[in-house]
Every structure is written in C-alpha cells, then in structure tokens.
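2 protein chains.
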Amino acid sequence: MEKENTRPVDRQDAYGKITGKARYVDDLKYPGMLYVHTVRCPYPHARILNIDGSEALALPGVVKVLTAKDIIGRNHLPNDKPVLVAEVAKCAGDGVAAVVAETRALAVKAAKLVKVDYEELPAVFTPEEALAPGAQPVHGDSNCAITHKTVKGDIKIGFAKADVIIEREYSTQRAMHSALEPDGALVVPEADGITVYCPGKGPFNVKRAVAAACGLSENRVRLIQPAIGGAFGGKDCDINVIASRAAMAAMITGRPCKMTWSREEVLIEGSKRHPFKLKYKIGAKKDGRITAIEINGLADVGAYITKSKATIWRATVEATGPYNIEHVSTTITGAYTNNVYSDAVRGFGSPQVDFASESLMNELARELDMDPLEIRRINAYREGSVTATSQKLRSVNLIECLDKLEEVFPYHAKSCSTAPENSAPAQLENDAAVSGKISLRPGKVRGRGISCIFRGEANGAGVTTLDAAAVNMHIERDGSITVLTGIAEMGQGGSNIVLQMVSKVLGVSVENMKVSPLDTAYLPDSGATVGSRGTITTGNAAVVAAEDARKRIAEVIAEEWGGKPETLIFRDNNIFTEDGNKKISFQDAITICYTRIPGVFGYGWWSLPPVWWDFDKNCGDTYASFNYGACGAEVEIDLTSGKVDIIDLVAIHDVGKILNEPEVKGQIAGGASMALGFAMTEEVEIRKGQVKTLNFDGYLLPTTLDFNNFRPVPLEAKQPGTNPLGVKGIGESSTATLAPAVVNAIENALGVRIRNLPVDLEKVFAAIQEGERIGTIAGVTSSPMNHGARAETPDPQQYGKGGKA
Amino acid sequence: MEKENTRPVDRQDAYGKITGKARYVDDLKYPGMLYVHTVRCPYPHARILNIDGSEALALPGVVKVLTAKDIIGRNHLPNDKPVLVAEVAKCAGDGVAAVVAETRALAVKAAKLVKVDYEELPAVFTPEEALAPGAQPVHGDSNCAITHKTVKGDIKIGFAKADVIIEREYSTQRAMHSALEPDGALVVPEADGITVYCPGKGPFNVKRAVAAACGLSENRVRLIQPAIGGAFGGKDCDINVIASRAAMAAMITGRPCKMTWSREEVLIEGSKRHPFKLKYKIGAKKDGRITAIEINGLADVGAYITKSKATIWRATVEATGPYNIEHVSTTITGAYTNNVYSDAVRGFGSPQVDFASESLMNELARELDMDPLEIRRINAYREGSVTATSQKLRSVNLIECLDKLEEVFPYHAKSCSTAPENSAPAQLENDAAVSGKISLRPGKVRGRGISCIFRGEANGAGVTTLDAAAVNMHIERDGSITVLTGIAEMGQGGSNIVLQMVSKVLGVSVENMKVSPLDTAYLPDSGATVGSRGTITTGNAAVVAAEDARKRIAEVIAEEWGGKPETLIFRDNNIFTEDGNKKISFQDAITICYTRIPGVFGYGWWSLPPVWWDFDKNCGDTYASFNYGACGAEVEIDLTSGKVDIIDLVAIHDVGKILNEPEVKGQIAGGASMALGFAMTEEVEIRKGQVKTLNFDGYLLPTTLDFNNFRPVPLEAKQPGTNPLGVKGIGESSTATLAPAVVNAIENALGVRIRNLPVDLEKVFAAIQEGERIGTIAGVTSSPMNHGARAETPDPQQYGKGGKA
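Just so you know, the protein sequences line up as chains A and B, in that order. Going by the working numbering, the first residue of the first sequence is number 1, and it counts up by one from there. Going by the working numbering, the first residue of the second sequence is number 1001, and it counts up by one from there.
Right under this line is the structure:
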C-alpha cells in the first residue's frame, strides 16, 4: 500500500454532524406523522390477562392502541423477541402494547393510561438460579439457552504433564452500547409497501425482520439510513423491535409512524452486554509452557436469545487467549433469565474472555515467578499455530505486537514489577509522558500491566459461513463520482475507507467523490456493520468496483493513445502512459469516455473465503483470519480514595495494512475508551430483574479526560491480512485488550488482584485495604498522616511494588 | 417470444394511482418547506432595467426574492434557457424573479408585488418575420437557429424524369403535451448536496442541469422520482427550469423548497410543439413511381432552442415519408422568434412531416388518378431500401403494414373512393362497426383515408451517437425480487416491460417483483424516456440482468443436482432439469443459493448499436432501426356544423415483437388520441407573443368518447427489430400516423383538402362550403331542407364521393 493512501482524508460525514445538517431519524418528520410509544410490563415474568386501551383511546389525538393481536405477520423477530408480547412477558420492560398518537407527548401520556392486568409468575435472575433444578423455565423446558464447546487433545493428559496448576474465577458485568443517539425508526407507508428510515447497523437484516413482522415480501420493505449517532454493536435487535412496532402502526393507520426511544427506554428494554462468569484451570511447566486449559463459563442471556449464540460461540473459540495449548476443553453455557436480554456489544464475547484469560496469564506468571510478557511470548501463537478449534493460523503477528510493546512500553521486570527508571525511552509521539520521569504524587501508587489477544475477523462460522459486501460506483460526466456501499456508516469511518480505495485505484481525490446514503434497494445484501468486517469486505469490494471502472476508462484512453489499457497509470487526478510521456486529466478522460462508451461505472462484490464450524465435533475454521493485539497500561492509584488514573496506555494492534492512519488510530482510541468504561466504570445495575440504571448519571462513560496519555499503535507486521487488501478489522479487538492490562496494572500497584469487572472505586478501595492487610502496600487509608508521609518519599521503588518498599 | 410473455400483467403503478396512495411531487411536504413562485415578464422582448422586491419582501412570511444575481452556478440551462433572465427577456412568460415564501398563496401574492422595470424591445412572432432581412435578432446576429439538410442524388435529374410534378404547402400548429400533472420540483438541502424530487422524464439530464445551475458537482445532486402524471415529451426542459429555481431557493434559504406550476403557468412559460410550415415538391412517373422530392420547411423555435435541433433533425431525415426516392433534397430551418419556446412533444418532428408527406401522397395519387394505397405500395421502403440519408434499412415491415391495412380496413377503390358494401369484413375485434353495415345519418357524409409512416427508434444520431440503459436486480432471501431501472415510468408501462423480461428469463411471476422508484444515485445514467427508447433499451438491459442472476442460481442448482447450469429450465416459478425429471421451486432454489453463495443479484447494461451523422455531408445511419405503421380512418362529417366524427380507426404498427399486448395497444391508443387532438382540436393560441390559451377550457383534448371504434393492431411482422429482444419502440409512431389519415378521409368525404392543422370546425365548415362551391358535395349548409333531403337518401355512393351523387 503506497504511502499516499494512508494520508488523512476529511470525513465526509463530519460536515453534516458538525454543522447540524445531518438528519438523524428523530429529525425526520413527515406530514401527518404519528408517534408510537411502548407500554411495558413492569414485572420480570408475568402473564397478560387483559389489555384495556379504552382510557388511552379516549384522549383526543390518540389514534390506536396496538397489541400483539394487531400484528399482521410473524410476532417473533429473528432471534426470539416478539414485536409485542402476546401472552407472557419474560422480563420487566417487555413491550406489551403500543400507543399511536398525534404527538409524542400524547403517546407517552396515553401509554400510562393503558391498563394491563397481569398474573405474576416466578422468575429467575442469575444463570445459576436459572439452571438450578426445578427453576421456572423462561422458554420451553430448560433455561439452558445454548452451550458451545471446544475440545482439543485431552486435558487429563495435559494437566498430568503440568508442574503447576492454578484455578481462578472471573466475572464481567452487564454493560451497554451507550450510543449517544438512542434507537428509533420512522416508517412511511408507500403504495407498494413501506419505507423504513432507521439507523440499523444491519439494514438488510432489519428489512427482513420488518417484512416478516408485517407479512410483506422482502422486496416490499425498503430501508433508508439517515445519519447514525453510533451503534457499538447495538442498533440491531432493538432496531428490529422498534422498526417492527412503527411498521405495524404505519400499516394499520396508513400514516407515517415514528418511534424513538428515550435513554431510559434504551436502558429498560434495550439489549446489554452479556455478563459472564468464567472458571479457568490452567496447567504449565516450570518453564512457562502451558500444558492444558479447562474453561467453564456461564453467561446471562436474559429473556431472549437474540445473538447470544454468536456471542457465546465467539467467546468459546477465543477463550484460551492467543496461546498454543495442546489440551483444551472449553464449555460456555448461556442461560435464560428474566433479566433484560443480552446481545452483541462491541467485541461481543471477546472482552469477557480476554479479561479472564489475560488476568489468568499474569496469575500464572506470578505463580511461576516469571515475567508476564515472557510467559506470553513463550506460549504465543505463531504463523502456522493451531487453535483450540483445530484451525491452522495464517497471518499471525502476535510476537510482533509483543515486541513492539516491549519496545515502546517500559515493562520488562519479572513478576509484574516494573522499573521505569531503567526503561528505554518510548519511541512514539508524546514520549514525554512515558520518558521515565516519574513524579509520583503524595498518597499514590503506580503500576503497569500488559495483555495480549487474538480475535477472529468478521462474522465467523458461528454466525454465517458466507460473508460478502457490495460497492458500486458511477462516474458522472463531470468526473465526480457517486459511490454506493452496502455497509452502514455508524461513525466508524467505513465510508472513508471505501472512498480511499476508489481513490487509490482511480488516482482521484476523495474530495471528488460522495458516498450515497445506504438504501437496501440499491445493492445486494452486504450484511451488517458487525464483527469488524466493514473495512475488509467493503474495502475489497470498493477495489473491485474501482478496477471495473478503471478498465472501462483505460480501454477508451488506450484506444485514444494506442497501447495497452492495463499499462496506464491512474495517479494524482491524471492518467499517464507507463513511460510518463502522455498525460490526461481524469476529468478530460471521462469526457472522452462519454463520447465512446455510453456509461462509466463500476460494480464490486467481494466475499471472504468461506469458513466452517462442525457443531458436533466442536471444531472448524472459525474465521477467515484473526488479528492480534497487545496492550500496556500504567495506572496511578489514589490510596485514599481508590481512584485509578490512567497515566499511560499503549494499544498495539496488528491491522494487516494501514489504509488511513488517523481513522485506524481513532478506532483504536474509541475501542480503548469503551474498554476503559468496561474495565472501571460502566455497569447497568439490575435488581430482581428491574433495571436500576436509568440514565448516564448512573452510568459513567469515560471521556478524553480519563486518558492522560494514549498511544494507539496500528502495526503493519510481516504477515499482512489474507484478503487482497491485506487489511484487518480493528473495530473490536481494540475493545478487548485494555481491561486486563488495566487490572493487571492495578494488581501490579497494589499486589491485590480484582477478578470481577468493573474495577470501580469500591473494589479498588477494598483491594487497597486488602493490600494493607496483607502488606503489599503500606496502609494510608487509615491515616491521613501516612498519606502525607508517602508524599514526601516518592520512591521509584514504590513503582510496581506498592507498599512493599 | 413465447405466448405467456404477451399476457396482460397488472400494472404495478396502477394501485397507487387508483387508490390515491401514489405521491406526486405536489403531494410531497417537508417540515419547514418553502414555496417558490415565478415572476414573469409580460412582454415578448424586453430589457430588465430594475427589479424591486422590497414590497414583496415586506409581506410577513416572504423569505426571499431571487433574481439572476442570486444564481450560484451557470445561469444557462442545457439547450439555452436561463434559470432566471439576467438582462433581456426573450418571450412573454420568461421568468425574471422567484419569490420564496412560507405558503404557496403568499408566494403567488408576493410575486405580484415584485416591481420590474422593463424597456420593451422590437419582437418577431413568425419564422418568416424572424428571418426577414433587418429583423430584430432574438439571439446573436441571426434568427436562423438551426438548419438541417438531407441530400440524395440530384433533384434536377429526378424532376426531369417526372411525368407529373406537384407542389403543395402544409402547416402544423403549436400544440402542447397536456400531461394532467403540471410540472414541479421539490428540492431538499442535504449535508452534502441536494436531493431533487421531480417528475423529470430524463432524471439524469435534470440532475446535470441542476448541478450546473447550482455550481455543484454532479454527484452532489441526487434526483428521486415521485409518481409521474404523464409527460408526452414534456417534463424535461421545463423541469430543468423549475428544479433549478427550486434548487437555488433551497441552497440560499437552506430549507426545502417546492415549485409546482399551475396549468396557466405551464401554458404561459412551458414548452410547446414546434409549428411547422412545409413546402413539398414531388415528381412521379405515370405509373406512380416517385422520381424526386424537394422539401423546404420552416419551424418556429420560439425564444430558446432547447431540443429544436433534435426535433428539426428528426423531421428532416424523416420528411420524405417511407418511400424509395432516388433524388431528394430536404432543408428545414428552425427560426428563433419571441414566442414561447418550442420543444420535444411526443413524436417530436415526425407528426409534422408525416402530416405533410402523407397528405401529399394522396394529392399525388389523385393527380395520377391512382389508388392512394397502391401508390404507397409502389414506392414503399422494403428490406434493404436506402433512405434519403443513405442509410440501408433492415427490419422493414412497411409492406406488411399496408397488407394488413388492406385486409382489415375496407379501402381499395381508386382515388380515395371507398365502397364499404364491397369491403371484406374486418378481421379484428369490434367487427360490427366496420362490417359494412353503413347507416348514414341525415346531413352527414363519410370518407375514408389512409396513411403510412416510418420512424426512427430511440434517440438517433442527431441527439447522441450512444444510447444505453441499466437494469439491476436483487433477489431477496424469500425469493422476492427488487428491480432497479434507469428509465422513468411516466405512465407508459415501461416498468412492467422490465418486470416481464425478468419474468421471462427467470420464469418467476411478475407479482413476485417490485420496481424501486427511480433514483439517479442507483444506476448509471440510463438516459431519458424519449424517442420511444424505453422498451428497447431497458427491456434488453432487463434481460441481461436477469440472465446474470439466472447464471448465479443455475450454477448452484446444477451443482446440487449434477449437470450443466445452462441446461436448466426456469419456468412457472420453478426450475427444472432439461428432461423434466428434477424440479425445485424458485423460492427453494433461492434458499439453497443463500447457503452456497453470499448474494443473488443481476446487473444489466445494454446499449444500442452506435449510429452516426455527418453534419457536413448530411448523411448517416440516423437510427439503429426504424418502425413502420399504417393507419386507416373513417370519418363522418356533419355538413351543417362541420363536426367530424371518427367512425372507425385502424392503427397498424410494426412493433417487432409483442411483449405485452394490452400495453402496446394502450400505447397505440394513447398515441392515436394525442394525434386526434393534433389533427382536429388542439392548438395553443398565441397572439403577438402572448399565449391566449390559459387552460383546458380553451384547449380541447380528445376523450374516449371521440373514438367510436378504435382498432390498434400491433404487428409482429417477418422482420423483427434488430435488437436482441426484436422489439420496436411504439410510443411515438402511434402519434404520427393518424392526422394525415383523418385529413385524407375528410378530403375523401368532401372533395376538398385542408392543408393546415388542426382541421377544426371552422376549417371543415369552410371546406364544406368550398365543396359545395366546386360541386364535390351537394350544398346542405345553405338550407336545412337539403339536410333533410340527404337524410332520406342514404346512398352508399355518397360514401367517399361527397355530394357528387
């Protein structure tokens, strides 16, 4: 990839977002538009006895009170959830009716007047409760929603060979996507079907869901995407629910109908990240070589399965971490509960197991008294390694990531201890902050931690064995270019990558191009913006499309000049002969084209190599390829309050090829920010099935102020990605590496390990107290004097040793 | 073409139009939308001295008064007309300012308050005045806007060989499109450009025009078509004007802006059909063989040239009629005048010259005392004939049309005389009315006339040498199909043809498909719905697209079954092996496809063979192919009032292949209806440059009640069209044949020829008086007694002989 293609390119979607001209779904208004608001079940498990909408309907301006009886098509969305509950609500927040009214305020008011009689049913709130004998089933006969396994070798043999075996348990919390734009949809009835305007990250999937719910053939539902205010794995199942409710309202009233959720509604009814409980047993030789690993996990699916199968499958196949282990047994079960449902959230499945496996690696290193980086290096996947699913890996750049980590992050003492004064100066920007000049403030301790991961790219065999996307383009007579892409721009910069690819092939400035808003009528189903598949699929499809157009142009110009079309060079908005003797501007070339051929356009379609999974034998080629990453975190902990500051964070990611350096760094930064919340602050509180977190005031998102120094390092390693562009998806692996590095750093600082996310103030404070108790840190919390005393002796030895000094 | 493909198919656009759910541009509303109204020059030629919008702006709710100074881009639309006049208005009705206001009523009111000071300039109102020495030029130095010629052989030699030479002059009037939906556009500003909603028949052209007017690159303007209420050659240049005015308003105000014209505005500012004056000189042998023809024509271009070049070019190359003539000279000049501008109207150029040439053929027949059908047959184009432009013809079915005419229309006596009692019974539907049972009513005479034509298909070399269109299709997972077509559905049924072609190739019911609304962002530029090119270009493109999809499907199913993909048969919503032993439903096949390939879609692009025209030598291959037609008309004339009733009308058209019989008959009927208005009732009156016809009360459109018996005969003749489908365009030739047949029938009844269209009541009445004077009919108008007397003797001999009996 030539250097010019990694240069920054203005984000085309930025202008509208900055000026306020971008129109989100809630900005869209149609004459005669109605507003739809959901009536929700307040109980975690309840049978609907009667719904009485008469009082609501008596309000002037209330048009309809819809219930499951009004559903025209199938009242069962893909992956389980009903449009509206027909008989039994399975969690608090389940939609049981929808009020359609002339204004939003009226719809909200009227929804409160809908009287629903319920019979409360017994409920289960944890996977353990759910799977206990005699538990009330949420669906069918059993609350075992899904169990995925991987088996490799024989763990008995593996553990028998081990010199050391440790067992640990970890847990992760219920988190959410936190897209600043809540979910919503506007549905407009047309003469021949309906048009859905909504920010679905998988527009083709939403189209199909709505078609089924409305009893329409798929070609009668068209989905057009307005601007999208983030998704982060969301804007998917919830959008299906919302769009289907709005669609039924539109079809029944014959008027445009809009439903947009408030933040509270997103919290109450919207999907969340799966909480996981993971038990790890690992055996290793004294030299650090892992001999066996046994993993048993339990995930809270909530009331509906949605994409739990895919999430838990990914967690299962990635649960070992990126290590060569001969004997593996992994079993992760998802259990139905009467909690709000869990679904894909950025990284789905990976952050949970990566937190556990990378915490475990440090625990094993401590047990073996080894350097945590060294133990990772010993076991790390290398080119040709075979995973727990018997997949032989290609394009493995983990060692390169670890090398880079060692190079740029001052971390090389044994057993989590770090000695910044000895560290090599960091090689990246913002060197100053990590140059080893430590000025520890009073009452603070510092620690450093690392982690590394592997992560499958794109959908993977657990979701679909086929994965493709389309990009088409039309070159106008004035040389400007309209690009159609099947991948939703959620803010991740995917559109820019597509434009860059066209730019690279045609040698035309990105400023000359425009991406047309995504419309399902445009292009073949190009899947969803999930699994970090966007750049890989549409980036390659864009190249195919641009090459198709280039061929058309080159043939005309070669005929004009004589010579072979394939030897022409497209560069700097010009076309040149190979020898540089002839030159024509791109625009002039297009003018000539239109005198010789009736159209200048290009069609592109690119599919990933097929993957496979054997659900009986629990093995397969899970993903077409994997990316790798390593993270180094330095934290400073206020021993008085337990507050953890991120002093330095290095996120190294194998991106295959860099297409747009600022964009890829932005993706890594965004992932890290989300991961920091996952690690330390974010948790949706739920008690007896009732969501207690109802807004961002109770759900703390990290901001840029929470990063004192952040160093994203996109790595172009030896082995490029296996697709033609050589690029790897980075949207999610960036979310998976940070949490264990931070927790390892906290352990490094305090000598106490926290195994349950998030590591919030309370947990850190408890760890400080524990550290004081066991003597890994000097007590400061009991006396302000100690605090002051430490402040006077900023001993570098404290660093990584806590109060041991 | 198999029979099943000619079966009637429900019109998909009909449902919306019948139920009122179809949304036309004037139905579209956006929040914050503004209305734009034009301020027009009342003088046919005037310099703008000052525009004062202050009084208008003082009205609350008036947002802007726009003038040419506000235009951001180029104030010169393609083909001449300005968005708003900057200095000199060239006709009454020219837009000089546009008022933007919160409501339409306010915009109209405010427009009247805009004070414009003019300096009136000398004006010219006829081509003769315009071309006279010393005339005030409308543009530049000369009012000669365009002259087209054809030259073949040497007319001196040709006339020298003639036994008979006659010279005649004909004229045609200013008519209009009469689409029931007036022109309009709504422009919505977007973050990255603008979206234009308008019923443009050439959406890609409008997009380009608006982009240039707004100073935007072409990819920043997207045009989406709402439902269209007819165009008939219009919805083109006027739409450019309207969309550009609305676009400048939208860009300047930043709000959605709509301009829709009233009928009066369409009449005052909208384009019209070119009035022609044509002088013919023709020489022939006694046996009827034509030896030479000389044609000189003059057309009123009006104030702006728009598509006059193309219209006059077509008229020039078709002016001889469909006859082998060795020596030809045709010259037609278009002159600028200060009248409202002329533009393409259905048939553009053909109806004018066909009226003249086919009137002339009857006059020549009378001169030679020959049967008018016989003289046509003697001279008619045959396979391999060479036109006046030196083009060798293929797929010539004129003789077949004449044979069919003779077979179904009782017309075979010499010299226009007909003897219905001897005629063979008609072979088509509604035989009764033409079965020879004539019951002539009192005071009436009857006559029969014929005509025949040839007409170039699609754009032709005078417009563009390249002509292509795209059709893409996506097959959804449920087997339903979304079809994208680049051709505007104006009501002509073009979308249905596309669906039928897909149906034919994939063997799937049309009900399973949907055509998505046209959007310029979808597809490559597929040109305009003009020149009867729709079915030829998109019909063939649809086949290419469907074959592309079929290949994908067949490969999967053949792999499933074993065997060769190309031998599979797609029929009746199933796929079969060649031997019929294996069968799968289309939907099941698609389900299988989606397990094997990631997408099922088809892309189609089809271009007509290139054509050429040498503007110096006045020769070339003008059109890729031609269609042929013949018409027979029987009229009954009330000798008291001059009222002409159409008793019987047979329109025979070489359609190459019939794809959809009801649709093609509908097209022929629509064309005939428009032609009847052209022949008899329609005329836009204009006096000293002022349009006097301001609504349909003064512009009489024929209705179904005006056809007592209409028999459209689409003919699948020996030589199919030269494109892969073998189909020929029929949208316009149907408009060209009727007028001369009716006028020849009137001449046949009265013995008096009318050479100026329309043959309205006054002209017919004058002809009756002339007939009485010269004795071709017995006088009835002078005395009611005569009327009664004739009524008592309904002598068949009267038939075609007027009062000679």
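Backbone N, C-alpha and C fix where the C-beta goes; we use that ideal spot for every residue, glycine too.
Beta carbon proximity, residue i to chain C, threshold 7 Å
i, result
"N574 of chain A", "Among the protein chains of the structure shown, namely A and B, there is no chain C."
Cβ neighbours of residue i in the same chain (closer than 7 Å, five flanking residues each side left out)
i, result
"P1226 of chain B", "R1023, Y1024, V1025, L1028, Y1197 and P1199"
"T1693 of chain B", "L1267, V1684, E1685 and Y1699"
"P702 of chain A", "S673, L676, G677 and T681"
"R376 of chain A", "M361, L402 and C452"
Nonlocal neighbours in the same chain, by C-beta distance under 6 Å from residue i, ignoring five residues either side
i, result
"R104 of chain A", "Y35"
"L1278 of chain B", "Y1170, G1297 and A1356"
"Y304 of chain A", "D80, K81 and Y341"
"D10 of chain A", "none"
"F204 of chain A", "T520 and D525"
Partner residues on chain A for residue i, Cβ-Cβ distance less than 7 Å
i, result
"L1077 of chain B", "The contacting residues do not exist; L1077 of chain B stays about 15 Å from chain A at best."
"Y1522 of chain B", "Y522"
"G1016 of chain B", "A191 and D192"
Whole-angstrom distance between residue j and residue i, CA atom to CA atom
i, j, result
"D1616 of chain B", "M1501 of chain B", "41 Å"
"G1270 of chain B", "K1763 of chain B", "27 Å"
"P609 of chain A", "L466 of chain A", "8 Å"
"S1532 of chain B", "K1728 of chain B", "8 Å"
"L1393 of chain B", "E1383 of chain B", "6 Å"
"S503 of chain A", "A554 of chain A", "15 Å"
"V96 of chain A", "L113 of chain A", "13 Å"
"V124 of chain A", "A89 of chain A", "13 Å"
"T1387 of chain B", "N1540 of chain B", "27 Å"
"R1552 of chain B", "A1558 of chain B", "10 Å"
"I1312 of chain B", "G1349 of chain B", "6 Å"
"I1157 of chain B", "L1368 of chain B", "20 Å"
"A1542 of chain B", "P1517 of chain B", "16 Å"
Partners in chain B for residue i, counting only beta-carbon separations shorter than 7 Å
i, result
"F601 of chain A", "P1524"
Neighbour list for residue i in chain B, Cβ cutoff strictly below 8 Å
i, result
"Q12 of chain A", "D1192"
Beta-bridge partners of residue i, as assigned by DSSP
i, result
"N627 of chain A", "A:R455"
"G1297 of chain B", "B:L1278 and B:I1332"
Proximal residues to residue i (C-beta, below 8 Å), its chain only, five neighbours per side dropped
i, result
"A461 of chain A", "V611, W612, W613, G620, D621, T622 and Y623"
"G93 of chain A", "R40, C41, I268, E269, V340 and V691"
Residue i: contacting residues in chain A (beta-carbon distance under 9 Å)
i, result
"P1226 of chain B", "The contacting residues do not exist; P1226 of chain B stays about 11 Å from chain A at best."
Neighbouring residues, chain B, relative to residue i (Cβ below 9 Å)
i, result
"T19 of chain A", "A1191"
- Cβ pair count under 8 Å reaching 3, the segment 1323-1338 of chain B against the segment 1290-1300 of chain B: By the Cβ criterion, the segment 1323-1338 of chain B is in contact with the segment 1290-1300 of chain B, since at least three pairs of Cβ atoms, one from each stretch, lie closer than 8 Å.
- Tell me, please, whether the segment 243-252 of chain A touches the segment 130-139 of chain A by the rule of three or more beta-carbon pairs shorter than 8 Å. Contact between the segment 243-252 of chain A and the segment 130-139 of chain A is absent, with fewer than three C-beta pairs closer than 8 Å.
- Can we say the segment 1255-1264 of chain B touches the segment 1282-1290 of chain B, given the rule of at least three CB pairs closer than 8 Å? Contact between the segment 1255-1264 of chain B and the segment 1282-1290 of chain B is absent: fewer than 3 CB-CB pairs across the two stretches fall below 8 Å.
- Query: Does the count of Cβ pairs from the segment 1342-1349 of chain B and the segment 1166-1185 of chain B closer than 8 Å reach three?
  - Reply: For the pair of segments examined, the segment 1342-1349 of chain B was found to touch the segment 1166-1185 of chain B: the number of CB pairs separated by less than 8 Å reaches three.
- Stretch-stretch touch, CB-based, cutoff 8 Å, three pairs: the segment 229-238 of chain A with the segment 482-491 of chain A: Between the segment 229-238 of chain A and the segment 482-491 of chain A, the count of Cβ pairs shorter than 8 Å is three or higher; the stretches touch.
- Do three or more CB pairs link the segment 747-765 of chain A to the segment 560-568 of chain A at distances below 8 Å? The segment 747-765 of chain A vs the segment 560-568 of chain A: no contact.
- Query: Hey, is the segment 1502-1522 of chain B in contact with the segment 446-462 of chain A, meaning 3+ C-beta pairs nearer than 8 Å?
  - Reply: Fewer than three pairs of CB atoms, one per stretch, sit closer than 8 Å, so the segment 1502-1522 of chain B makes no contact with the segment 446-462 of chain A.
- Task: Assess, as a yes-or-no matter, whether the segment 730-745 of chain A is touched by the segment 636-654 of chain A under the definition of 3 or more beta carbon pairs within less than 8 Å.
- Result: Contact holds: three or more Cβ-Cβ distances are below 8 Å.
- Between the segment 42-57 of chain A and the segment 201-221 of chain A, are three or more C-beta pairs nearer than 8 Å? Contact between the segment 42-57 of chain A and the segment 201-221 of chain A is absent, with fewer than three C-beta pairs closer than 8 Å.
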